[in-house]
Amino acid sequence: MLEEAGNLIGLEVYTPDGIFVGIVNNLVIDLAGNKVDGIFLEETNPARVDHGISINIPFRWVQSVGDVIILRVFPDRVSFDPKEAERSLPSKGNTKSNKRRRLLK
Numbered sequence: 005m006l007e008e009a010g011n012l013i014g015l016e017v018y019t020p021d022g023i024f025v026g027i028v029n030n031l032v033i034d035l036a037g038n039k040v041d042g043i044f045l046e047e048t049n050p051a052r053v054d055h056g057i058s059i060n061i062p063f064r065w066v067q068s069v070g071d072v073i074i075l076r077v078f079p080d081r082v083s084f085d086p087k088e089a090e091r092s093l094p095s096k097g098n099t100k101s102n103k104r105r106r107l108l109k
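Under this note's numbering, the first residue of the sequence shown is numbered 5, with each subsequent residue one higher.
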């Protein structure tokens, strides 16, 4: 069953073991390839992601999409260097976009 990309926003994301990771807030789109390259999560689980920072997850990690998104793989813990996080913060603007972000590879 095919899903429209916009339908992914707002879905909860879970590890293969059923542990909550976060909620899809935005998508990373490859316009040239006409495909979704990644999902941007906010409100992440602080037990799995340091300080509940916002993260991008490669779409190739997605196993299935339905009422929720199940990942094929996810690290035991996502951590970051505080100095690196400070460099990645946007300068000013919308307070929602001022959350720390980390790109997973």
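A virtual CB, placed ideally from N, CA and C, is assigned to each residue, including glycine. Just so you know, these numbers come straight off a predicted model, no measurement behind them.
- Straight through space, the alpha carbons of Asn30 and Gly42 are spaced by roughly 9 Å.
- Within its own chain, the residues whose Cβ lies closer than 6 Å to the Cβ of Glu47, once the five positions on either side in sequence are excluded, are Gly26 and Ile27, listed in chain order.
- Scanning the stretch 19–50 for uninterrupted beta strand (DSSP E) segments of 3 residues or longer gives 24–34 and 39–46, listed from N- to C-terminal end.
- A direct Cα-Cα distance of roughly 10 Å separates Gly70 from Asn11.
- Here Leu75 is buried: its Cβ has 16 or more other Cβ atoms, across all protein chains shown, within 10 Å.
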